[in-house]
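Counting in numbering that gives the first Met the number 0, the sequence shown runs from 0 upward without gaps.
Just so you know, even glycine gets a beta-carbon here, dropped at the ideal spot from N, CA and C.
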Amino acid sequence: MEEEGAHTRVDGDEGRGHDQEWSSMEEPLLKKTPSLTSTDLAMVGAQVSHMESLDYEIIENDLFQDNWRSRSREEILQYIFLKWMLAFLIGLLTGGIAALINLAVENIAGQKMITVSALVDQKRYFAGLSYLTLVNLALTSVAAILCVGIAPTAAGPGIPEIKAYLNGVDTPDMFSPSVLFVKIIGSIGAVSSGLDLGKEGPLVHIGACIAAQLGQRHRRGCRWLRHFDNDRDRRDLITMGASSGVCAAFRAPVGGVLFALEEVATWWRPALLWRTFFSTAIVVVVLRGATELCKSGRCGLFGRGGLILFDVSNVEVHYYPADILPIIAVGVIGGILGSLYNFLLHKVLRLYSLINEKGKAAKLLLSLSVSIFTSVFAYSLPFFAKCSPNPANGSIGNLERFNCPAGYYNELATLLHSTNDDAVRRVFSTATAGEFGTAALTAFFAFYCVLGLITFGIAVPSGLFLPIILMGSGYGRLIAVMASGFIKMDQGLYAVLGAAALMAGSMRMTVSLCVIFLELTNNLLLLPITMIVLLIAKTVGDCFNPSIYEIILELKGLPFLQPNPEPWMRNLTVGELAAAKPAVVSVSSVEKVSRLMEVLTTTSHSGFPVVDRCARTMATELHGLVLRSHIIAALRKKWFLKEGGRMDEWKVREVFGTGELAERAQSIEEMDFTAEEMEMYVDLHPFINLTAHTVVDSTSVSKAVVLFRQVALRHLLIVAKYPRPEASTLVGILTRQDLRAHNILNAFPDIASRKASGNREKFTP
């Protein structure tokens with residue numbers, strides 16, 4: 000990621016020689032390297048792409064204030080109405096696409112398993128294996144070829160990139176129409192192929208893509224939409240899209256809102272809460288309408304499960320003292336297994352990054368190899384399982400006979416020879432004690448642990464939710480079977496608790512996860528024990544490593560700002576950070592064209608402080624900050640003055656519109672000026688952000704990180720607490736990369752060495 004601002008003080012080291020007392024006070028407390036670097040290497044993905052931050056902060060310049068004052072009451076009402084209309088469209092389109100994906104997946108995967116069962120019933124075992132492997136291979140090929148050839152960023156769940164975008168990082172090519180197309184078709188192929196992945200993560204990405212497309216810049220479109228030409232409104236739309244995607248995946252409207260609030264969104268406000276809830280409500284209405292329409296069988300196998308995915312409301316929940324220890328054990332084991340899964344997946348993703356670097360053929364071959372492994376072992380393992388007599392409780396319709404004689408069923412085939420959703424339903428099934436033994440559940444759990452590690456990271460759209468639910472439900476029910484002699488609660492409910500615990504142990508979510516599981520299972524009586532299990536699992540997992548999404552963000556090199564700064568940041572000031580950076584690059588409020596071209600061509604900064612020197616007192620004054628894109632807009636319009644001075648306001652309003660200023664900084668290579676034009680001036684006053692956020696140089700880095708994240712900043716100016724007449728008031732400027740712990744530790748090896756040696760006495764809060 001290129002540096003985005005100007006970089007540290009203008010007085011330089013030579014200014015200290017005039018005042019020995021100032022020099023001793025200003026001497027850095029910690030050793031530092033010559034410069035604060037911002038180099039990152041993404042371990043996952045094909046390449047490290049150029050990324051910039053987003054302008055979530057309102058740029059309060061003269062043009063913005065004039066535009067805001069000129070809005071009529073009708074335009075403001077149109078703006079509010081359009082926000083609700085876009086929320087409606089996001090919910091409608093996300094729900095409709097989710098229904099189509101579910102219809103395609105359930106019919107393709109269901110018909111595939113029906114054919115395999117028929118071949119096994121005819122004892123054509125090799126034909127069944129060949130058919131399953133080839134069909135799965137074809138479906139995986141469709142998903143992998145689309146991802147590798149058309150949209151590489153469509154691979155994976157997309158949730159870490161959405162988190163980064165909402166955190167302020169402009170993740171490139173994540174919400175384009177090609178990504179949306181590949182995500183839809185690729186999800187159908189990947190999920191139908193029997194791979195250990197879910198459609199939940201891709202649906203979140205699909206919802207975000209839909210929102211991003213609806214919020215695209217509309218400079219040439221409807222004049223109503225011109226007010227959406229800003230990153231702030233696009234951020235809100237993508238938040239609604241992500242929430243709608245979660246709702247479409249789990250059919251959990253409240254859980255979707257809470258997921259966006261707890262997990263993906265960095266900034267939140269009450270107005271966004273209402274629109275997000277409205278959007279998820281539309282998703283549920285669309286999905287409910289689709290399932291009701293398809294109940295009569297006109298949609299094949301889709302719609303038979305109803306709106307609730309894993310309904311366990313048919314059993315009444317009672318709490319007994321004998322269940323306390325097993326429930327606590329489920330939570331503790333979930334936290335340990337979740338952190339272990341994160342650790343191992345981290346290693347696997349590093350290995351996959353090395354394979355993916357070899358090119359498209361290697362990516363495709365890796366995906367197909369995982370598909371073959373999954374098909375062969377899922378088909379073959381049930382042959383090693385024992386046959387059990389059919390139960391007398393009437394649940395025989397959910398059991399697979401496979402290679403067993405009439406009147407018997409194969410426990411492992413019941414769990415493995417089904418779609419992933421059906422496998423979860425069978426493990427969650429209540430009043431079925433004794434249907435699954437210890438051996439079958441152990442094999443089921445171990446098999447999906449292996450698949451969960453090797454499947455995520457291949458070049459297909461994939462989600463983490465369902466693989467973790469499968470693993471968690473397996474070990475939860477296994478604990479219940481092993482402790483069946485003294486527990487009182489239903490074994491299926493232990494499977495639900497195990498799935499929730501493992502998700503909390505890996506993803507470190509609590510509130511949203513609790514509500515999602517209540518909406519998934521339709522049993523409110525599970526609320527107290529689900530809350531306890533989630534809290535235990537998250538607490539245990541936090542003792543070992545970060546959440547799985549934080550690990551992926553780090554591997555991909557996305558500059559995500561964490562909510563909590565490191566403790567040692569309290570002992571470091573922003574002035575010391577500024578001293579470790581190159582000299583600041585600033586401009587004057589009225590600047591020569593030649594000077595602006597020099598600044599633009601020799602730097603890659605996205606913002607420049609505006610500093611003028613008073614002719615009478617010779618003191619410097621900080622006016623604010625001007626964006627690179629606004630300077631380019633002024634140059635492209637050739638908005639020049641022959642002599643330095645201010646342009647009339649009415650002329651500015653005639654030349655520049657809000658749509659033009661909302662455009663990203665374009666290339667300056669095609670701009671060509673004559674020698675006479677290079678000596679002319681540009682008045683930057685209308686473009687200066689007069690309310691740019693500033694901190695004094697004695698502010699701790701910890702406080703700067705909190706301010707930067709909570710206010711959604713892109714630049715943070717540093718001014719001197721005790722300015723000197725001969726020096727500039729401006730000390731420096733900080734950007735997102737400057738506040739990342741990794742980059743600070745590289746610049747200050749003294750801190751890194753103390754952390755490595757475990758000597759933290761001076762760096763505790």
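What's the C-alpha gap between Ala536 and Ile332? Rounded to whole angstroms, the separation of the alpha carbons of Ile332 and Ala536 is 7 Å.
Of the listed residues Phe443, Ser366, Val284, nearest to Cys146 (C-alpha basis): Nearest of Phe443, Ser366, Val284 to Cys146, Cα basis: Ser366.
Given this structure, state the Cα-to-Cα distance separating Ser186 from Lys591, to the nearest angstrom. Within the model, the alpha-carbon separation for Ser186 versus Lys591 is close to 54 Å.
At the level of alpha carbons, what is the spacing between Val423 and Pro564? Going by the C-alpha atoms only, they are around 39 Å apart.
Suppose only complete runs of 3+ residues qualify. What are the beta strand (DSSP E) ranges in the stretch 692-721, listed by chain order? Correct list: 693-695, 715-718.
Cβ pair Val203, Ile158 closer than 8 Å: Cβ atoms of Val203 and Ile158: closer than 8 Å.
Three-way DSSP call (helix, strand, coil) for Gly504 in this model: Secondary structure at Gly504: helix, using DSSP grouped into helix, strand and coil.
Do you know how far the Cα of Lys385 is from the Cα of Gly436? Distance between the alpha carbons of Gly436 and Lys385: 10 Å.
In the DSSP assignment, what are the bridge partners of Asp611? Answer by DSSP bridge pairing, in chain order: Glu620.
Just the C-alpha distance for Val586 and Leu621, rounded to the nearest angstrom, thanks. Distance between the alpha carbons of Val586 and Leu621: 10 Å.
Quick check: the Cα distance between Ile96 and Ser52, rounded to an integer number of angstroms? Here the C-alpha atom of Ile96 lies approximately 30 Å from the C-alpha atom of Ser52.
Kindly indicate which residue of Thr93, Gly330, Ala150, Tyr318 has the alpha-carbon position closest to the one of Val178. Out of Thr93, Gly330, Ala150, Tyr318, Ala150 has the C-alpha closest to the C-alpha of Val178.
Under DSSP, the beta strand (DSSP E) around Pro388 begins and ends at which residues? From DSSP, the beta strand (DSSP E) with Pro388 extends over 386-388.
Looking at Gly504: is its Cβ nearer than 8 Å to the Cβ of Gly254? No, these two residues do not count as a Cβ contact at 8 Å.
At the level of alpha carbons, what is the spacing between Glu356 and Ser461? Counting only the Cα atoms, Ser461 lies some 20 Å from Glu356.
Taking a contact to mean a Cβ-Cβ separation below 8 Å, would you say Leu492 touches Val263 in this structure? The answer is no: Cβ separation not under 8 Å.
Strand pairing of Pro460, partner residues [DSSP]: In the DSSP output, where bridge partners are listed per residue, Pro460 has Gly155.
Short check: CB of Leu477 to CB of Val532, under 8 Å? No; because the gap between Cβ atoms is not below 8 Å, this pair is not in contact.
Could you check where the alpha helix (DSSP H) with Asp682 kicks off and where it finishes? For Asp682, no alpha helix (DSSP H) segment is defined; the enclosing uninterrupted segment is the beta strand (DSSP E) at 680-682.
What does DSSP give as the partner residue(s) for Lys591 in the beta ladder? Paired residue(s): Tyr680.
Throw me the rounded Cβ distance for the Ser312 and Asn521 pair, which I believe falls under 8 Å. Their Cβ separation, rounded to whole angstroms, is 4 Å, which keeps Ser312 and Asn521 in contact under 8 Å.
Leu260 versus Ala289 - alpha carbon distance: Spanning the two alpha carbons is a distance of roughly 28 Å.
Counted within 10 angstroms of its Cβ, other Cβ atoms place Pro252 as buried (16 or more) or exposed: So Pro252 ends up on the buried side.
Measure the alpha-carbon distance for Ile687 versus Glu553 and round it to whole angstroms. Here the alpha carbon of Ile687 sits roughly 34 Å from the alpha carbon of Glu553.
Let me know the secondary structure DSSP gives Ile332 once reduced to three states. It is helical.
Cα-Cα separation, Ile335 to Met488: Going by the C-alpha atoms only, they are around 23 Å apart.
Is the separation between the beta-carbon of Ala241 and that of Gly200 shorter than 8 Å? No, they are not a contact pair.
Alpha-carbon to alpha-carbon, Ser699 and Arg231: Those two C-alpha atoms are separated by around 28 Å.
Mark Asp172 as exposed unless 16 or more other C-beta atoms lie within 10 angstroms of its C-beta, in which case mark it buried. Exposed: under 16 other Cβ atoms inside 10 Å.
Spatial neighbours of Phe443 within its chain, please: CB distance less than 6 Å, with the 5 preceding and 5 following residues excluded, ordered by chain position. When the five nearest sequence neighbours on each side are left out, the beta carbons in the same chain lying within less than 6 Å of the beta carbon of Phe443 are those of Leu414, Gly473, in order along the chain.
Can you tell me which of the three DSSP states Glu74 falls into? Helix at Glu74.
Cut-off 8 Å between Cβ atoms - residues of its own chain near Ala321, not counting five sequence neighbours on either side: Taking Ala321 as the centre and dropping the five residues before and after it, the same chain places the C-beta of Phe485, Ile486, Lys487 closer than 8 Å to its C-beta, in chain order.
Glu82 burial status per 10 Å Cβ neighbour count (16 or more: buried): The question names Glu, but residue 82 in the sequence shown is Lys. Under a 10 Å Cβ-count criterion, Lys82 is classified as buried, with 16 or more other Cβ atoms of the shown protein chains found around its own Cβ.
What number of angstroms, rounded off, separates the C-alpha of Gly643 from the C-alpha of Asp611? The alpha-carbon atoms of Gly643 and Asp611 are separated by roughly 13 Å.
Straight-line CA distance for Thr36 to Ser605? Bear in mind that a pLDDT of 47 at Thr36, under 50, signals an unreliable position, so the number given afterwards is only what the model happens to contain. When rounded, the distance between both Cα atoms is 17 Å.
Give the list of continuous beta strand (DSSP E) stretches no shorter than 3 residues that lie fully inside the stretch 360-441. Listed in chain order, they are 386-388, 407-409.
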